[in-house]
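Worksheet: the structure to be examined is printed underneath.
Protein chains: 2
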Amino acid sequence: MKSGLSFLVAARRSEISELQQLALNCALVDATGRLIHALQRERGLSNLYLGSGGTGFTTERPLQARETDRCATQLRALFDRLDTEASLAGHSARLFSRIAWVLQGLDALPRLRECVDTLAWTPARATRAYVRLIAGLLGTVFEAADSAGDPGLSRLLVALFNLMQGKEYAGRERASGVLLFASACERTSEQQRLLHFIDAQERCLRVFAEFAPNKVLPAWHEAQDPSTLAPLERLRRILCTATPGVPLDEQHSAEWFGTATQRMDALRRVEEQLGAELLAGCDARIRAAEAELAILEKQTTPPSDVGDLLAFFEDNASASADTPDQPYNPSLQRSTLELLREQSSRLQSMSDELSTVRSSLNERKLIERAKGLLMARRNMGEEEAHKTLRQMAMNQKRRLVDVADALLTSADLLPSPKA
Amino acid sequence: MKSGLSFLVAARRSEISELQQLALNCALVDATGRLIHALQRERGLSNLYLGSGGTGFTTERPLQARETDRCATQLRALFDRLDTEASLAGHSARLFSRIAWVLQGLDALPRLRECVDTLAWTPARATRAYVRLIAGLLGTVFEAADSAGDPGLSRLLVALFNLMQGKEYAGRERASGVLLFASACERTSEQQRLLHFIDAQERCLRVFAEFAPNKVLPAWHEAQDPSTLAPLERLRRILCTATPGVPLDEQHSAEWFGTATQRMDALRRVEEQLGAELLAGCDARIRAAEAELAILEKQTTPPSDVGDLLAFFEDNASASADTPDQPYNPSLQRSTLELLREQSSRLQSMSDELSTVRSSLNERKLIERAKGLLMARRNMGEEEAHKTLRQMAMNQKRRLVDVADALLTSADLLPSPKA
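For the protein sequence lines, the chains are A and B, in the order given.
Here the first sequence stands for residues 1 to 419, numbered as in my numbering.
Here the second sequence stands for residues 1001 to 1419, numbered as in my numbering.
Below you can see the structure in the form of structure tokens.
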């Protein structure tokens, strides 16, 4: 029969295999970030192309499309490496199903480009299509972030997910600004959308900053540098305060696109560093766990004298966290009971920290879903739905996430959309 | 490159392998329930043996010990079947580490029995030792319940876990009553403990009843039958209202043990049915998922005409839940996009229901941990800690779980125990 010690070894092994799975997921997230960045550029250029009636950016756009395809090929190669045959850890059913969705969108990308080529679609419609594809890609990042069992790595993933989401809002802000300068839109409602994208972007970046590791802070502070932000804020003001019907200075359009792009590129640099940090963190964790496993495997079951065995029944057995004033020396032969106490207090504190980190992910999920509910059932736009939630939270003096939760709980009571 | 469809298939496969893992966990839970029941009897008989000064129950006790060993051997055989070499799903590191702990306790069981044999331990001390071992076993049940990804099966596991926990409180109530009749104890504080066990027991059984499937309700109503409960309540009243110092009628002791045992046996019958229900549920889910997988594997990627691909970018793509007025016919060839929408809405609703079910498990965990914190930091007994929490909740007009959560959050501010 297997001993207690062999199950301690098994516990370690299954931690390691989870970490290896996570490392693969992180590589996936990294490649996804690159593809999203390329798609965001392609979306921007498509907007400018459509806005110019098919005369501008005729060189840049196909070039960018090729770059996007290159990134997509890399990501697909990683998808293929996912061992879809073996039984995989935890949330993989959800991750696989998100990947299936993304692949469907990538297959449809050439058709989307044709619709832009032939000017068949308006800039707003093309933007929506790209937004949809990018949202699918962010969905896979969300699943990867949700599956991390290590609290430290989970923190990095939460930071990364929020950064990527914030950057996408920055991209949608850029597209919205382009529409406003082209003045082909319902100005007042587009201004509302712009404000929503700024607000949502800042919310995401706040969460990112809360979870970001020190190593990426220099790059982050650079992205937040006043010399970048001041021109952006000036153009934001011009866009937001423009009177309906009065055309905006066309000159500013290129300036807007350039400034907003600069900001997104700066965010992308933070993202790259964070991705590298994550991969390095995975490697370090795997190496540390393997070293500990090697020590554990050398450990023989110590001769169990009567006193030792009876120690199991002692009341202070769970007080392991309070005992260690002696220095940690893993090469010493220790009793299985000691090892068990260490292991269980380590797993407990990991699971504690993990639930703190996860709650931040879940809050985002709840808010997004409550917004989706309002959009579907009350025929609201995204920004209107967000405003409604925020207003409810303010009126009830409750947190946004609590209102979202309450709304989802009472979803069945909401009226269906008017036909 | 792999297609979207192949990832849909992979998602299904990984659901199936998770279900198979769960089925093995359920078998584990079943065998654990049997071992716990045997240990509870052995604990009761050991108490009576010690209470009689080593003269009573000298036949029954060794017989029961043999029965316990038989159950332990069965459980250990199942442990050995757990594939500790392969990488396993989700929470297995925690499950393995709980199993290692339990094995340590089972190894120490013969020593515990020696201490009873030789009358070296008081009944209270022997009870505490058995309580500790049973708590370890309940811990593995908790991990198994926490790892279920299917909301229906998760409900059954939550019901089962709470039933088992409630039954263990009934067992501790029985032991406490035996001590009170033997009058070898600090009567007032033992009465407090008795009241706590009744209270905690009822809380667990309320949660059980909330999650219990219809099939076990007849057995449950039988366990709650007035003809069983009335004598129990009468004896409870006698125990709780006994004046300190005045000896209780020894006659009642055997009656108490018999009545309390009858109640535990009735709860065990419910537990058996619930366990069978759970195994049947696992089997049914696996068969259904395999049938759906077979259909999915026959599905060829349909010829993608332009309109079909562009459908990815349509806004109502997430409204799948609102569309199906047409009857479900899995043998029809459907578009990958349709399959994707179905899959993602199914996974979404599963994850929604799952978080509702899990929150009930987490609440129990939070309350137990907050109690543990009070016991460690304020030198409180279990029942005093529970009373303190309940009092705080009442004073603040908040739920017990919210108070527990707040307490754990502010743990660092609590004073360390007086040295």
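Beta carbons: idealized from backbone N, C-alpha and C, even for Gly.
Note that this is a predicted model, so its numbers are computed, not measured.
{"query": "Counting contacts by CB-CB distance shorter than 8 Å, is E994(B) in contact with chain A?", "result": "Residue 994(B) lies beyond the range of chain B shown here (1001 to 1419); nothing can be said about it."}
{"query": "In chain order, what residues of the same chain have a beta carbon less than 7 Å from the beta carbon of A10(A), not counting five sequence neighbours either side?", "result": "none"}
{"query": "Since W1256(B) is in the alpha helix (DSSP H), which residue starts that stretch and which ends it?", "result": "1251–1298"}
{"query": "Terminal residues of the continuous alpha helix (DSSP H) containing N362(A)?", "result": "336–377"}
{"query": "In chain A, which residues lie with their C-beta within 7 Å of the C-beta of I1238(B)?", "result": "Going along chain A, no residue has its Cβ under 7 Å from I1238(B), so there is no contact; the nearest lies around 30 Å."}
{"query": "Could you name the residues of the same chain whose beta carbon sits closer than 8 Å to that of L389(A), not counting the 5 residues immediately before and after it, in chain order?", "result": "I367, A370, K371, L374, L400, V403, A404, L407"}
{"query": "Using only the alpha-carbon positions, how far apart do E1173(B) and E314(A) sit?", "result": "21 Å"}
{"query": "Run through DSSP, which three-state label would E314(A) get?", "result": "coil"}
{"query": "Please report the straight-line C-alpha distance between A108(A) and S1344(B), rounded to a whole angstrom.", "result": "19 Å"}
{"query": "Run through chain A and tell me which residues come within less than 7 Å of Q1040(B), C-beta to C-beta.", "result": "Within 7 Å Cβ-Cβ: nothing; Q1040(B) doesn't reach chain A, min ~16 Å."}
{"query": "If you measure between the beta carbons of F1142(B) and Q104(A), is that distance less than 8 Å?", "result": "no"}
{"query": "Would you be able to state if there are at least three C-beta pairs under 8 Å between the stretch 1181–1201 of chain B and the stretch 1150–1164 of chain B?", "result": "no"}
{"query": "Could you tell me the alpha carbon to alpha carbon distance between L1293(B) and I1286(B), rounded to whole angstroms?", "result": "10 Å"}
{"query": "Three Cβ pairs or more, each shorter than 8 Å: is that satisfied between the stretch 46–63 of chain A and the stretch 123–132 of chain A?", "result": "yes"}
{"query": "If we cut at 8 Å on Cβ distances, does D1325(B) have a partner in chain A?", "result": "Here the model assigns D1325(B) a pLDDT of 41, short of 50, so the residue's position is not dependable and the matter cannot be decided."}
{"query": "Would you give the residue range spanned by the alpha helix (DSSP H) that M1164(B) belongs to?", "result": "1151–1182"}
{"query": "Taking the alpha carbon of L1217(B) as the point to measure from, which residue in S1351(B), E1042(B), G1245(B), A1159(B) has its own alpha carbon closest?", "result": "A1159(B)"}
{"query": "Check whether the Cβ atoms of T1336(B) and G1033(B) sit closer than 8 Å, and answer yes or no.", "result": "no"}
{"query": "By how many angstroms is the C-alpha of S227(A) removed from the C-alpha of V1207(B)?", "result": "59 Å"}
{"query": "Using a Cβ-based criterion (distance less than 7 Å to any ligand heavy atom), does R390(A) qualify as near the ligand SAH?", "result": "No copy of the ligand SAH appears in this structure; indeed no ligand is present at all."}
{"query": "From the DSSP output, in three-state form, read off S1331(B) for me.", "result": "With a pLDDT of only 43 at S1331(B), under 50, the local geometry of the prediction cannot be trusted, and the value read off the model is given with reservation. Of the three classes helix, strand and coil, the one that applies to S1331(B) here is coil, per DSSP."}
{"query": "Using a Cβ cut-off of 7 Å, pull out every chain B residue sitting near Q104(A), in sequence order please.", "result": "G1004, F1312, T1336, L1337, L1340"}
{"query": "Name the chain A residues whose beta carbon is nearer than 7 Å to that of F1079(B)?", "result": "K2"}
{"query": "Determine, using beta carbons only, whether L976(B) and W1256(B) come nearer to each other than 8 Å.", "result": "No statement about residue 976(B) is possible, as the shown extent of chain B runs from 1001 to 1419 and does not include it."}
{"query": "Can you tell me which of the three DSSP states E143(A) falls into?", "result": "helix"}
{"query": "Which of the three DSSP states is assigned to T1073(B) in this structure?", "result": "helix"}
{"query": "Measuring straight from C-alpha to C-alpha, what distance separates N379(A) and A1093(B)?", "result": "46 Å"}
{"query": "Using a Cβ-Cβ distance cut-off of 8 Å, determine whether D402(A) contacts chain B.", "result": "no"}
{"query": "Roughly how many whole angstroms lie between the Cα atoms of L1354(B) and T58(A)?", "result": "50 Å"}
{"query": "Work out the CA separation of G1149(B) and S1017(B) for me, nearest whole Å.", "result": "11 Å"}
{"query": "So the candidates are Q299(A), L133(A), D80(A); which of them puts its Cα closest to the Cα of R111(A)?", "result": "L133(A)"}
{"query": "With a 10 Å radius around its C-beta and 16 neighbouring C-beta atoms as the bar for buried, classify R421(A) as buried or exposed.", "result": "Residue coverage of chain A in this structure runs from 1 to 419, which leaves residue 421(A) outside it and unanswerable."}
{"query": "Can you list, in chain order, the residues of its chain whose CB lies under 7 Å from that of V1116(B), leaving out five sequence neighbours each side?", "result": "S1046, Y1049, L1050, A1126"}
{"query": "I want to verify the contact list: residues of chain B whose CB lies under 8 Å from the CB of R94(A), in sequence order.", "result": "A1011, L1347, S1351"}
{"query": "Ignore the nearest five residues each way along the sequence and tell me which others in L1278(B)'s own chain have a CB closer than 6 Å to its CB.", "result": "C1026, L1156"}
{"query": "F1007(B) CB to nearest chain A CB: under 8 Å?", "result": "yes"}
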